[in-house]
Amino acid sequence: MIVQSVASLIIGLVIGYLGQKSRTCFVGGYRDFFIFRNTHLLKAVIGVLMGALIGFNVFRLVGGFVPNYPLVYNTPRVESKMLWILTLLSGLGFGFFSVLADGCPFRKCVESGEGKLDALMYVLGLFLGAVYFYLFVNEIITFLIRLI
Amino acid sequence: MRISVSPFLTGLVIGFLGALAQAFLGIAPPEAYGVCMIGHTKDLIGWIDGDFILKTPPSIETPLLTTVGVIVGAFISSLMSKEFKTRCSGKGEMFSHLVYGFLAMNLGLILGGCALSTILKVAYGHLLAIMGIVGVIVGAFLGVEYLKRS
Chain E
1 MIVQSVASLI
11 IGLVIGYLGQ
21 KSRTCFVGGY
31 RDFFIFRNTH
41 LLKAVIGVLM
51 GALIGFNVFR
61 LVGGFVPNYP
71 LVYNTPRVES
81 KMLWILTLLS
91 GLGFGFFSVL
101 ADGCPFRKCV
111 ESGEGKLDAL
121 MYVLGLFLGA
131 VYFYLFVNEI
141 ITFLIRLI
Chain Z
149 MRISVSPFLT
159 GLVIGFLGAL
169 AQAFLGIAPP
179 EAYGVCMIGH
189 TKDLIGWIDG
199 DFILKTPPSI
209 ETPLLTTVGV
219 IVGAFISSLM
229 SKEFKTRCSG
239 KGEMFSHLVY
249 GFLAMNLGLI
259 LGGCALSTIL
269 KVAYGHLLAI
279 MGIVGVIVGA
289 FLGVEYLKRS
């Protein structure tokens, strides 16, 4: 449906606007804490947690689509041990390279809107990465998950 | 026009809109998928490609324009506060950012989302996302240590 496209565009506009004003970065929060013990950006992480918890609980009561809400007891695909290992390793790599790139994907998209050409190259890298993943990596990952 | 917005407020709005997107706007099939810079970019690429070469699993039929929205939103915001300025820190830096983006997409697709949507998933109670966010935090720590030493 066209609703999802329009909704995601409007949500993107709003959070892009706010993200540019506040310089929010979700890896930057951890980075600043480890370097300077500065919790200014880390508050954004707390904010997302609180906003999402309030949102999911309120919308579930109002009758929105929030299936199996506390997903702790029925998370899909937890039985695969390999998926746990892959999640941890990819998380490690994601955090590491986001610190090297000086921002999470959200921050980089905001910076490319501000006119930073490096960040625009990062977004291009995201597009190329998606193409590469589905051409070559996806089958390997599916195979590994079936393994153990 | 200068308005100051705190990161906490931004986070609160992102979390709330992410929940709203799933609950009432139909951006759903994976749980807590309301806002995700990795997943929505992947869906946009998959939609452009159609069924041509990539064979991406279509989680949602129509393209999700969050990435476009964020870039345009930040563009509008920086124009309004007169902060928009085309700048670039050299060819080597541009190439390394291309590689970082490439790696972020591949690792993010295995992780199941970006740093932002992993937090949304933790709020949803997703066990693997809790593992993932531990990985991201430890990875950020390792990155900081690496930068200190180089």
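So the protein sequences, as listed, match chains E and Z.
The numbering of the first sequence is the working numbering, which starts it at 1 and goes up by one.
The numbering of the second sequence is the working numbering, which starts it at 149 and goes up by one.
The C-beta atom is built at its ideal place from N, Cα and C for all residues, glycine as well.
Whose C-beta lies closer than 7 Å to the C-beta of Arg77 of chain E among residues of the same chain, with five residues either side of it excluded? Hits under 7 Å: Leu83.
Could you tell me the alpha carbon to alpha carbon distance between Pro177 of chain Z and Phe33 of chain E, rounded to whole angstroms? 34 Å
Within 8 Å, strictly: CB atoms of Leu13 of chain E and Thr234 of chain Z: no
Using a Cβ-Cβ cutoff of less than 7 Å, which residues in the same chain neighbour Val99 of chain E once the five nearest sequence positions on both sides are dropped? Val27 and Arg31
Quick check: what's the CA-CA separation for Val216 of chain Z versus Lys108 of chain E? 12 Å
Return the residue from the list Z:Leu192, Z:Ser298 and Z:His274 that minimises the CA-CA distance to Ala130 of chain E. Answer by Cα proximity: Z:Leu192.
Would you say Gly159 of chain Z reaches chain E, if we count a Cβ-Cβ gap shorter than 8 Å as a contact? yes
In chain Z, which residues lie less than 9 Å from Leu61 of chain E when you measure between Cβ atoms? Correct list: empty, because the minimum Cβ distance to chain Z is about 10 Å.
Against chain Z: residues of the region 14 to 35 of chain E by CB proximity under 8 Å: Val14, Ile15, Gly16, Tyr17, Leu18, Gly19, Gln20, Lys21, Ser22, Arg23, Thr24, Phe26, Val27, Gly29, Tyr30, Arg31, Phe34 and Ile35
Okay, do the region 43 to 56 of chain E and the region 158 to 166 of chain Z touch, 3+ Cβ pairs below 8 Å being the bar? yes
Taking only runs of the alpha helix (DSSP H) that begin and end inside the region 152 to 186 of chain Z, which ones reach a length of at least 4 residues, in chain order? 155 to 171
Whole-angstrom distance between Gly238 of chain Z and Val247 of chain Z, CA atom to CA atom: 15 Å
So, with DSSP's three-state summary, where would you put Lys230 of chain Z? coil
Is it buried or exposed, Thr214 of chain Z, if we count other Cβ atoms within 10 angstroms and call 16 or more buried? buried
In chain Z, which residues lie less than 7 Å from Ile11 of chain E when you measure between Cβ atoms? Leu165, Ala169, Val183, Thr214 and Gly217
Of the residues Z:Phe250, Z:Leu259, Z:Ile281 and Z:Val282, the one placed nearest Ala119 of chain E, counting alpha carbons only: Taking only the C-alpha atoms, the option nearest Ala119 of chain E is Z:Phe250.
Given a cut-off of 8 Å on the beta-carbon distance, is the pair Leu202 of chain Z and Gly182 of chain Z in contact? No Cβ-Cβ contact shorter than 8 Å links Leu202 of chain Z with Gly182 of chain Z.
Between Leu264 of chain Z and the rest of its own chain, which residues show a CB-CB distance below 8 Å, the 5 nearest in sequence each way excluded? Counting only residues of its own chain and dropping the five nearest sequence neighbours on each side, Leu264 of chain Z has a CB closer than 8 Å to the CB of Ile162, Val183, Cys184 and Met185.
Provide the residue(s) that pair with Arg235 of chain Z in DSSP beta bridges, ordered along the chain. E:Lys116
Taking the CB atoms as reference points, tell me whether Cys262 of chain Z and Cys104 of chain E lie closer together than 8 Å. yes
Please report how far the alpha carbon of Leu71 of chain E lies from the alpha carbon of Glu231 of chain Z, in whole angstroms. 42 Å
For the alpha helix (DSSP H) that contains Ile148 of chain E, what are its first and last residues? No alpha helix (DSSP H) contains Ile148 of chain E, which DSSP labels as neither H nor E.
Using 10 angstroms around the beta-carbon of Thr39 of chain E, count the other beta-carbons present and answer buried if the total reaches 16, otherwise exposed. exposed
Quick one: what's got a C-beta closer than 6 Å to Glu111 of chain E's C-beta in the same chain, skipping five residues either side? Excluding positions up to five away in sequence, the list reads Ala119.
If I follow the unbroken alpha helix (DSSP H) through Arg297 of chain Z, where does it start and stop? Leu275 to Arg297
Short of 7 Å in beta carbon distance, which residues of its chain neighbour Ile2 of chain E, apart from the five on each side in sequence? Order them along the chain. none
Can you look up Val48 of chain E in the DSSP assignment and give me helix, strand or coil? Three-state DSSP puts Val48 of chain E in a helix.
Near Ala270 of chain Z, which residues of its chain fall below 8 Å by C-beta distance, leaving aside the five closest residues on each side in sequence? Inspection of the sequence shows that residue 270 of chain Z is occupied by Val rather than by Ala. These residues qualify, in order along the chain: Ala277, Ile278 and Ile281.
Does the beta carbon of Arg235 of chain Z come closer than 8 Å to any beta carbon on chain E? Cβ-Cβ to chain E under 8 Å: yes for Arg235 of chain Z.
Hey, would you say Gly29 of chain E sits closer than 8 Å to Leu41 of chain E, going by beta carbons? Yes; because the gap between Cβ atoms is below 8 Å, this pair is in contact.
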